[in-house]
Each structure stands twice: as C-alpha cells, then as structure tokens.
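The structure under discussion appears below in the form of structure tokens.
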Amino acid sequence: MGKNLVAVLGGGNGGHAVAATLALTGFKVNLFELPRFAKSFEKVLRTKEIQIDGVSVDGAAKLNLATTDIQQAVKEAEVIFVITPAFGHKPMAELCAPFVRDGQIIVLMAGSGGSLEFINVFKQKKVKREITFAESCTLPCGARLRGPGHVSVLINAVTLPTGVFPSKKTAETIPRLRQYYPIIRPARDVLEAAINNPNPIVHPVATLLSATRIEHSRGEFYLYAEGMTPAVARAYESLNQERLSICKALGYKLYHWDNLEFKNYSLGETEEECRYRILNTSMDAAFGKDGIYAGIKMKGPEHLKDRYVAEDVPYGMVLLSTLGDLLGVPTPTHDAVIQLASIVNRTDYWKTGRGIKQLGLSKLDKKGLKRFLAEGRR
1214 MGKNLVAVLG GGNGGHAVAA TLALTGFKVN LFELPRFAKS FEKVLRTKEI
1264 QIDGVSVDGA AKLNLATTDI QQAVKEAEVI FVITPAFGHK PMAELCAPFV
1314 RDGQIIVLMA GSGGSLEFIN VFKQKKVKRE ITFAESCTLP CGARLRGPGH
1364 VSVLINAVTL PTGVFPSKKT AETIPRLRQY YPIIRPARDV LEAAINNPNP
1414 IVHPVATLLS ATRIEHSRGE FYLYAEGMTP AVARAYESLN QERLSICKAL
1464 GYKLYHWDNL EFKNYSLGET EEECRYRILN TSMDAAFGKD GIYAGIKMKG
1514 PEHLKDRYVA EDVPYGMVLL STLGDLLGVP TPTHDAVIQL ASIVNRTDYW
1564 KTGRGIKQLG LSKLDKKGLK RFLAEGRR
C-alpha cells in the first residue's frame, strides 16, 4: 500500500472538504465519486484540484487522483474514508468489497452504525481480507460546496469520538487515525460512536415541528435560527433522556450533553435566549463557540424530505428505537417522531430504516452484542 495515501469516497460537501484538507496537510489523496455523478464532478476529474476556503483553511488542494473508478481509488490506500450520507454506505460497501486489501482501515464519517453495514456486506460478498473498521460520531467539519471544485468550511469539530471494530483493536488503530485528525478520541466501540451522533436528536423533531413554516416559505428557512424554541427544547429533552437510558444500559458515555439538561433551557426564557442555549448545547460541544454562529447561517431544510428527516430518521432514530427494544429500554418519543415522519413523507421508515435487524444484531442479547462489538465474533 502507498505510504500516506488515503482514499476519500464521496464527492459531496464533506468529501470535498475532507479530501482538500488532508491534501493540504500533506497526504496523498484519491477522491472517488460515483459514475452517475460524473458530470457535476467533471471539473475535479479534469484538474485534480479543489479550491477550499473558510475556517482555518485557504488554498488550492492538489489531489493524487480524482476518479470514478473505485478500484483505482482504494487499491493502494492505507485508509479509506467514507464520506457519504448513511443511505450511501451499503452501495459503497458493495463497490469496495472486491478491491480492499489486508491491513486497510475503513473509516465512516459519520457512521450511524454504517460500519456494521459494511461488515454485513463484506460477509455476504465473502471478503476474506483483514480489514479494520471505524466510525466517528460526526464529520470533522461542516462545509458547503460553492461551485464545481470549490468548497467552504464553515465550522470545525473540536473533538471526534471514534469507535473501532472490533474494539479490541482500538489501542492500535486510534493512533493511526489521529495522524489525519488529531481531534479523534477513542469511543468504547462503533455503537457508542453511532449513538453519539447528535443529528438524530437535533434535526428531525425540529424540522417536523417547523413543517408549516418550511412549506409556506418554500425553502427560505433556517432551522438553527428559526426552529429552536422552548417547545422544541422540551422535545429535545425527552429524546435525549431516552438516549441516555440506552447509554446507561450499555455502559456508554455521551460525549455531548452528558451533563446538560434541555429542560433548563425552556423555563422562563425568551425564544432568543432559548435558541442560543440549544445552539450552545448542540453545536458548541462538537464544534466550539464558532459553531453557534455558523449554524445560524446554514440554510435549510428546504423541504420535508431533506436529509434532516430522510436520513436522520431511518438511519439514526430507527437504530436507537430498535436498540431500545433489544435492551428493554422504552423510547416512546423516538417512536412518535419516526411515526410522524413516516406519515408526513408517506414512507414507512420502520421498514426502510437501518435498525438492529438490518444490521444483523437482532438475535443477540446484550452480552452477545457487546462480545460481538469487542471481538468481532457472534
């Protein structure tokens, strides 16, 4: 494998930002995008260059390779970063499976349990290679594409809890990953990292409670500026308490919000005070003080089938709800939001979502689940 060569799979906002920042840091980077998106990726394919600006970064990043050929992208990489929406994890795993090599690390940012989906796909494809998997709870930065080959970083993460599968490899894997992102810190395992993704707590319920505003404004809506109110804070509190109960059942830690209670933010405050307190909780823990102001400027969601619902409900909330079922932990607020989102979007997220059954975990009890995550055997 090529020394200091990494592959970044995904040519969206996050993929461009990760590829560019790693290239500017001095790593050789292969950036892959799916062939069906080649037209929008054409400039980068031609120039092998990404212009990046924003928080703490500015420059023209030269890539080692920009390609729509998955074999060329991954075959010599030491580490493969998967930077796609959660619904892209399975297709990307199927593409990678024939071409991975012994000793590679596959890192999903963010994972939401996607590392376990990769493992299932590789098992189905009879991949015999020695691969280590990892996933972080969120992206290392928040970014937006400004045009072909041009990305702006709006916020940078201040800490990046990352789980390893099997977790017995954590001590040897995390130091390797920290050379790319020193903010990475070890989570207990990949499931702890998945549960620490803040998006399923923050995005869906606020979006659904803002449905009339989103539809009436025809997309001229800013969730972090308009959707954070005392009523939403009370919903956040309930969701977060359910998540805390799941964490306690598994002996996990919440790296964000573990000592904070949303109910304190919804008593006797103005709407503006409440909004800033919620932002301070949901953005500051992961992204630092600048995240609050960047969040307010982030437009969207523009419709109710945005990723804030169509990704965070089936790939985040369904995982937590079904995990609660396995552990005997009630999750009525999660269940209510999933059901409401299913009705609003005319999609049965219980069926289309990635729960413990889809991840191959439904036949395990708590002891078996923890053994599997630690040892890699059922």
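Using my numbering, the first residue of the sequence shown is number 1214, and each one after it goes up by one. Ideal Cβ positions, reconstructed from N, Cα and C, are used throughout, including at glycine.
Can you look up residue i in the DSSP assignment and give me helix, strand or coil?
i	result
E1348	strand
L1532	helix
Q1317	coil
V1403	helix
Y1435	strand
F1585	helix
A1356	strand
A1323	coil
F1254	coil
V1231	helix
G1224	coil
V1593	Nothing can be reported for residue 1593: it is not among the residues displayed for the chain, which extend from 1214 to 1591.
N1453	helix
V1270	coil
G1513	strand
T1425	helix
Since residue i contacts residue j with CB under 8 Å, what's their CB separation in whole angstroms?
i	j	result
K1275	E1262	6 Å
E1455	T1546	6 Å
G1315	R1342	According to the sequence shown, residue 1315 is Asp rather than Gly. Yes, they are in contact, since the Cβ atoms of D1315 and R1342 sit about 5 Å apart, within 8 Å.
V1377	V1403	7 Å
G1529	S1325	5 Å
L1517	N1558	6 Å
Taking DSSP's pairing of strands, which residues face residue i in a bridge?
i	result
E1262	K1275
A1448	Paired residues: none, contrary to the question.
R1398	P1374
G1239	For G1239, which the question treats as bridged, DSSP gives no partner whatsoever.
F1312	DSSP lists no partner for F1312.
V1219	V1242 and V1292
T1280	F1245
Just how far apart, CA to CA, sit residue i and residue j?
i	j	result
N1369	T1351	11 Å
F1346	Q1264	30 Å
A1549	L1247	35 Å
G1355	K1570	31 Å
R1591	R1584	7 Å
A1448	S1328	29 Å
P1422	T1280	A small correction: the amino acid at residue 1422 is Leu; Pro does not occupy that position in the sequence shown. Going from the Cα of L1422 to the Cα of T1280 covers about 41 Å.
P1543	T1420	23 Å
A1554	V1526	8 Å
R1249	G1541	43 Å
L1574	L1539	9 Å
V1364	F1240	18 Å
K1580	A1406	19 Å
T1297	M1322	8 Å
N1409	F1294	19 Å
G1223	V1231	10 Å
Q1392	V1219	12 Å
L1463	F1312	35 Å
A1299	I1556	21 Å
Uninterrupted alpha helix (DSSP H) stretches inside the stretch 1359 to 1392 (no shorter than 4 residues): Taking only runs of at least 4 residues, the alpha helix (DSSP H) segments lying wholly in the stretch 1359 to 1392 are 1383 to 1391.
Complete alpha helix (DSSP H) runs within the stretch 1530 to 1568 (minimum length 4 residues, chain order): Taken in chain order, the whole alpha helix (DSSP H) runs of length 4 or more contained in the stretch 1530 to 1568 are 1531 to 1540, 1545 to 1557 and 1562 to 1565.
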